[in-house]
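Counted the way mature numbering (1 follows the signal peptide of the UniProt record, and there is no 0) counts, the sequence shown spans residues -33 to -1, 1 to 437. Note that the Cβ used here is the ideal one computed from N, Cα and C, for glycine as well. Down below is the structure, laid out as structure tokens.
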Amino acid sequence: MAKKKTSSSMARSQLAALLISLCFLSLASNAVGWSRRGEREEEDERRRHGGEGGRPYHFGEESFRHWTRTRHGRFSVLERFPDEQVVGAAVGGYRVAVLEAAPRAFLQPSHYDADEVFYVKEGEGVIVLLREGRRESFCVREGDAMVIPAGAIVYSANTHSSKWFRVVMLLNPVSTPGHFEEYFPVGGDRPESFFSAFSDDVLQAAFNTRREELEKVFERQREGGEITTAPEEQIRELSKSCSRGGGGGSGSEWEIKPSSLTGKRPYFSNNHGKLFELTGDECRHLKKLDLMVGLANITRGSMIAPNYNTRATKLAVVLQGSGYFEMACPHVSGGGSSERREREREHGRRREEEQGEEEHGERGEKARRYHKVRAQVREGSVIVIPASHPATIVAGEGESLAVVCFFVGANHDEKVFLAGRNSPLRQLDDPAKKLVFGGSAAREADRVLAAQPEQILLRGPHGRGSVSDV
């Protein structure tokens, strides 16, 4: 009997040990799972914000989502800008998109509930607008910028037989900030005609036509989707009526015409590159939207002098080449989930309380501290540079860097270059220099501020050699 009890007791002990081991294994497995899930979330967050150093001011090509994709072309839209801090406040209502159309591709008629400003990155095409009771047809080519007002029905085609037609655009939604839709009057399964949402009675009365005939016209099944291919003779017919001039007339509030940035004289150029811009004074519809378009061609190994815009937030899209940008920023946020952001805010509040006078000074002022935002950029990268944030863009050594910039809030904006011949710091008078730099260092400050003989576009860090060479 005692042996039986002992055996039973040992069996129970072994079972208990086994259960404990299983519990530990389960907890360890969950811990690994949680860890891996956290790593995946952090990696997704890094990808979403374009890299550890640049978020939320830099977005990589992987941050674009395909809205339309066929073998004849694609339409990709950058994810929404973060709502938090200065980025969301300045440009949270805007969207950046890229359109790519294969040779002889045709884009079906549609309209956006957004004003559109586009720049032709590559190729040539025809853009047709149906608005204000008339048809306007425009020939566009590489280097052109143009505005399409919200609600205008548009169809377009790539008129080249071998080159792709690529367009970068900024969209300003008019219904819901940061959200826009595309509406197709004619469709089938993909895209669907918006007329399919109306009742038969309404459509038959509106068009004075039987339902069967309406279905054949507006809801016929079409192969190929939103971007299709067209025979060469139809492309030629579309191109015959297109022009470069404005069709709105001098009295039209929305006079439309393409404007060539690269075909005009640059507003600044030297051995380190060229800068072009299309302002509201030259294009009235840009002024109405409080926007400006600029193009920077930076020679390899060169840079734009550290600068800031007084009012405009700059959305820069890299068209070609590679390099990096740096920016001084007091608003850096870690991004991430709302729960993580709340933890970081709480941690920040505790740190602020702990730092006390060290952080706020003897009289309670907040200390001026800035973070360096830096990210590598290449074709497809998008950079956000808020107003008053000093920043620079540096071209790599391998090839020149081409960047198109959309300036939001451009009316009454000014550019301030902080280094070089046109730096405002050179205008400090002698009493101010002694007060700012200290009496003994005033002469040294003069030498430093006058050491750079060039302005705006400068030799970059990799091309400087020794300081004595300057």
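Which of helix, strand or coil does DSSP assign to residue i?
i      : result
Asp82  : strand
Val153 : coil
His338 : strand
Gly427 : coil
Pro76  : strand
Pro398 : helix
Phe48  : coil
Ser348 : coil
Leu416 : helix
Lys255 : helix
Arg62  : strand
Ala197 : coil
Gly261 : strand
Phe202 : At residue 202 the sequence reads Ile, which differs from the Phe that was named. It is helical.
Leu228 : coil
Gly90  : coil
Glu67  : strand
Glu411 : helix
Arg393 : helix
Gly55  : helix
Glu99  : coil
How many whole angstroms separate the CB atoms of residue i and residue j, which I take to be in contact at a CB cut-off of 8 Å?
i      : j      : result
Val107 : Pro225 : 5 Å
Ser227 : Gly27  : Not a contact, Cβ separation roughly 29 Å.
Leu286 : Glu346 : 7 Å
Pro76  : Pro152 : 6 Å
Arg71  : Ala197 : 6 Å
Cys209 : Ser129 : Not really, about 19 Å apart at Cβ, beyond 8 Å.
Gly110 : Gly240 : Contact doesn't hold; Cβ gap of about 15 Å is too wide.
Gly376 : Asp257 : 6 Å
Looking at the strands, I want to know which residues DSSP matches up with residue i.
i      : result
Asn274 : Ala358 and Phe384
His39  : Answer is none; His39 lacks a bridge partner.
Ala369 : Asn264 and Gln287
Cys250 : According to DSSP, Cys250 bridges with nothing at all.
Lys241 : Ser236 and Asn264
His33  : Ser43
Lys281 : Ile352 and Phe374
Ile115 : Glu83
Phe292 : Ala342 and Ile360
Ser269 : Arg426
Arg108 : Glu91
request  = Could you tell me whether the segment 172 to 188 touches the segment 69 to 82, where touching means 3 or more Cβ pairs closer than 8 Å?
outcome  = no
key: Validate contact between the segment 50 to 62 and the segment 84 to 98 using beta carbons, cut 8 Å, 3 pairs   = no
key: Touch test, the segment 388 to 396 against the segment 409 to 422, Cβ-Cβ under 8 Å, three pairs minimum   = yes
query = So, do the segment 160 to 180 and the segment 90 to 105 have three or more beta carbon pairs nearer to each other than 8 Å?
reply = no
inquiry  = If contact is defined by three or more beta carbon pairs under 8 Å, each pair taking one atom from either stretch, is the segment 266 to 285 in contact with the segment 375 to 389?
reply    = yes
Complete runs of the beta strand (DSSP E) confined to the segment 119 to 182 [at least 3 residues] = 120 to 125 and 132 to 140
key: the segment 363 to 372 touching the segment 283 to 297, judged by at least three CB pairs closer than 8 Å   = yes
query = Is there contact here, the segment 114 to 128 with the segment 238 to 256, by at least three beta-carbon pairs under 8 Å?
reply = yes
query = Do the segment 167 to 179 and the segment 130 to 140 meet, that is, are 3 or more Cβ pairs less than 8 Å apart?
reply = no
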